[in-house]
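S.K.: Sequence positions in the sequence shown follow mature numbering (1 follows the signal peptide of the UniProt record, and there is no 0) and run -22 to -1, 1 to 329. Note that the Cβ used here is the ideal one computed from N, Cα and C, for glycine as well.
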Amino acid sequence: MMGVLNHLSTLLLLSLLPPALSHVVKRFDPECKKFFMEETTPNLPGILVDGPVQNQGQNQNRYKPICQLFNNIYRFATLYDTTNRIPVFSAYTFTGPPTDPRPNQRWMIEPQLEDINNQRDMKVDNKAVTHQAVDTDYKLNKMKMDRGHLFPCSYAPDDDTKRSTFTLTNAVPQARSFNRGSWKTMECRVRKALLKDCINNNGIKAYVVTGAVPSNNNNNNNNKLNDRVNIPSHLWTTYCCKNNLGQLVAGAHWAENVAEEKNEMKTVTPITLNQLELKLKSVYELSEVKLFPKGCSTNVEQAGGKRTGEPIGELTNKKQKSGEGSIKMKRAGELKECDEEDECDCDCDEK
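Laid out in structure tokens, this is it:
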């Protein structure tokens, strides 16, 4: 009788734990090709090419494709770097404004990265985790780093998808003032641009890829959170979609992951998709980088109706370059700063 009661108690406890979040796969298709435009994954030679990862030599078993599963539905896709313990990128679709507020969701990890079988609770003890970040890494940090979403909670269409973004395989150490400052403002502006420019006969749909560039060690641990998790040097994001005329619309952003002074009022300004691919090609020292199918990076419209072309600066300090920053944003078709009147609610990020 006691054994039966213990068994029932165990089943009850398991029923109260968070659902299994994700699925580590050998290649992104077929489970989650739908999060990539034309079902085509980014090409990063030596890391990811045409779907499968390129785990060779010193990178053996380093990069892990994850089809992020929550409540039995695939929500987005992540390529995870188990050496630096941060994602390379997360790929997702934007299908319209959220219907639910920010959830009260605990941060989770991916048990399959640790070969933990039958583990449903994502809050695994730090001692059992070696290949990914855990919540303790962030809670103990004195470096003013947030858990920076790559797939922003504020872009998710419903409560379950919002909750699915709260996995540490979708987060990087992000300078707190940067995450809550210029990066958050950029996410709000881009979201409004997607609502305006990515609507067609099938509704609203944009393909988005957001990633982080790991920083170099330089023989010290200043680039690691809790002496474990790489603090990326840069964050980037890009999108491609079709508008109501059937034209491709694309845009990109790139910014340094550094703290911002309260009165600096920095703005992450847009660059073209081609420019972003060239930046990633340079920092990763790759022969080629393709984030979207060819059509997205050639002769497409920027959000707001501007043809892609002339370079736009990486980061504009409005305090120092007040005129230049606003002019460049208008050229690129960017929207004005988010404020309460814009109803630009991006409160899903770190608090």
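Can you tell me which of T215, T250, R141 and Y70 puts its alpha carbon nearest to the alpha carbon of E234?
M.R.: Position 256 of the sequence shown, counting from 1, holds the residue named residue 234. Minimum Cα distance to E234 is reached at T215.
S.K.: Between the C-alpha atoms of V191 and N222, what's the straight-line distance to the nearest angstrom?
M.R.: Counted from its first residue, the sequence shown places residue 191 at position 213. Counted from its first residue, the sequence shown places residue 222 at position 244. If I take the Cα positions, the gap works out to 34 Å.
S.K.: Residues in its own chain within less than 6 Å of N50 by CB, not counting five upstream and five downstream?
M.R.: For the purposes of this step, residue 50 is taken as residue 72 along the sequence shown, with counting starting at 1. If we look at N50 and ignore the five residues flanking it on each side, it has no Cβ neighbours.
S.K.: Taking just the CA atoms, how far does E165 sit from K205?
M.R.: Along the sequence shown, one-based indexing puts residue 205 at 227. Along the sequence shown, one-based indexing puts residue 165 at 187. Reading the sequence as shown, one finds Asp at residue 205 and not Lys. Cα-Cα distance, rounded: 29 Å.
S.K.: Just the Cα atoms here: how many angstroms apart are L91 and F72?
M.R.: Working through the sequence shown from its first residue, we reach residue 91 at position 113. Working through the sequence shown from its first residue, we reach residue 72 at position 94. Using only the alpha carbons, I get a separation of about 27 Å.
S.K.: Apart from the five residues on each side of it in sequence, which residues of its chain come closer than 7 Å, Cβ to Cβ, to S265?
M.R.: Taking the first residue of the sequence shown as 1, we reach residue 265 at position 287. These residues qualify, in order along the chain: P23.
S.K.: What residue does the beta strand (DSSP E) around L47 start on, and which one ends it?
M.R.: Working through the sequence shown from its first residue, we reach residue 47 at position 69. That run of the beta strand (DSSP E) goes Y41 to F48.
S.K.: What residues in its chain sit with their C-beta under 6 Å from that of residue 331, if we drop five residues either side in the sequence?
M.R.: Examination of residue 331 is not possible in this model, given that the chain is present from -22 through 329 alone.
S.K.: In three-state terms, what does DSSP make of C274?
M.R.: By one-based count along the sequence shown, residue 274 stands at place 296. Helix.
S.K.: Using a Cβ-Cβ cutoff of less than 7 Å, which residues in the same chain neighbour T60 once the five nearest sequence positions on both sides are dropped?
M.R.: The count along the sequence shown starts at 1 and reaches residue 60 at position 82. R40, K42, L91, H109 and Q110, listed in sequence order.
S.K.: Could you check which residue in V150, R5 and Q83 has the C-alpha nearest to that of I209?
M.R.: One-based indexing of the sequence shown puts residue 209 at position 231. Minimum Cα distance to I209 is reached at V150.
S.K.: Over what stretch of residues does the beta strand (DSSP E) that includes F54 continue unbroken?
M.R.: The residue labelled residue 54 in the question sits at position 76 within the sequence shown. Element bounds for F54: I51 to D59.
S.K.: According to DSSP, simplified to helix, strand and coil, what is T216?
M.R.: Here residue 216 refers to the residue found at position 238 of the sequence shown. Strand, per DSSP.
S.K.: Using a Cβ distance threshold of 8 Å, determine whether the region 156 to 164 contacts the region 237 to 245, with at least three qualifying pairs required.
M.R.: In short, these stretches touch, since the Cβ pair count reaches three.
S.K.: Going by C-alpha distance, which of F156, R5 and K12 is nearest G29?
M.R.: What you label residue 29 is simply residue 51 of the sequence shown in a count that begins at 1. For G29, the nearest C-alpha among the options comes from R5.
S.K.: Thinking C-beta only, is G74 closer than 8 Å to G229?
M.R.: Within the sequence shown, the letter at position 251 stands for residue 229. Within the sequence shown, the letter at position 96 stands for residue 74. No, the pair does not count as a contact, with Cβ atoms beyond the cut-off.
S.K.: What span of residues does the alpha helix (DSSP H) with Q253 cover, start to end?
M.R.: Position 275 of the sequence shown, counting from 1, holds the residue named residue 253. L251 to Y262 is the span of the alpha helix (DSSP H), which, as asked, contains Q253.
S.K.: Does the beta-carbon distance from residue 336 to T145 come in below 8 Å?
M.R.: Because the chain is modelled from -22 through 329, residue 336 falls outside the range shown and cannot be assessed.
S.K.: Got a sec, what are the start and stop residues for the beta strand (DSSP E) R125 sits in?
M.R.: Here residue 125 refers to the residue found at position 147 of the sequence shown. Taken as a continuous stretch (DSSP letters only), the beta strand (DSSP E) holding R125 covers M123 to H127.
S.K.: With a CB to CB cut of under 8 Å and the five nearest residues on each side skipped, what residues in its chain are close to R141?
M.R.: The count along the sequence shown starts at 1 and reaches residue 141 at position 163. Only F48, P81 and Q83 meet the Cβ criterion.
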